[in-house]
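Residue 6 in full-length UniProt numbering sits at position 6 of the sequence shown, and the numbers go up by one each step.
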Amino acid sequence: MNKLQEEWNRFCASWMFNTRLPILPFYVYSESTLSRSSRYFPLIGWIVSAGTSYSTYFLSWILPIEISIILGMILSVLITGGFHEDGLADVCDAFGGGWSKEKF
Numbered sequence: 001m002n003k004l005q006e007e008w009n010r011f012c013a014s015w016m017f018n019t020r021l022p023i024l025p026f027y028v029y030s031e032s033t034l035s036r037s038s039r040y041f042p043l044i045g046w047i048v049s050a051g052t053s054y055s056t057y058f059l060s061w062i063l064p065i066e067i068s069i070i071l072g073m074i075l076s077v078l079i080t081g082g083f084h085e086d087g088l089a090d091v092c093d094a095f096g097g098g099w100s101k102e103k104f
């Protein structure tokens, strides 16, 4: 496999790990590819956030800003599967977990 195809597979692995949007026909799975795909995490984050930001911006032309922000947040959760929201909930749970009522 040439270098360009390896990098493409790493990008696809990163995309499929961080989003719910499939690109299966273009991706050949291997564990080494998945473990080395983290270099593309920031790029995937930029792509997803740009898409949700632009959709929120364009929705604000036709809807009230509050509604377009809520729809943008829903779009982000649908694209990522609530990946970051789940992490935030786990952190909040860890702060409150393991304590008795007296200690809390």
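Just so you know, even glycine gets a beta-carbon here, dropped at the ideal spot from N, CA and C. This one's a predicted model, so the numbers in the text were calculated from it and none came from an experiment.
- Three-state secondary structure assigned by DSSP to Asn2: coil
- Measuring alpha carbon to alpha carbon, tell me which of Phe95, Ile65 and Ser49 ends up nearest Val77. Ser49
- Query: Is Ile44 near Ser14, with beta carbons less than 7 angstroms apart?
  - Reply: yes
- Query: How about residue 152 and Gly81: are their beta carbons less than 7 angstroms apart?
  - Reply: An answer regarding residue 152 cannot be provided, because it is not within the stretch 1 to 104 covered by the chain.
- Message: Which of the three DSSP states is assigned to Tyr40 in this structure?
- Response: helix
- Task: Compute the Euclidean distance between the alpha carbons of Leu75 and Ser32, then round it to the nearest angstrom.
- Result: 31 angstroms
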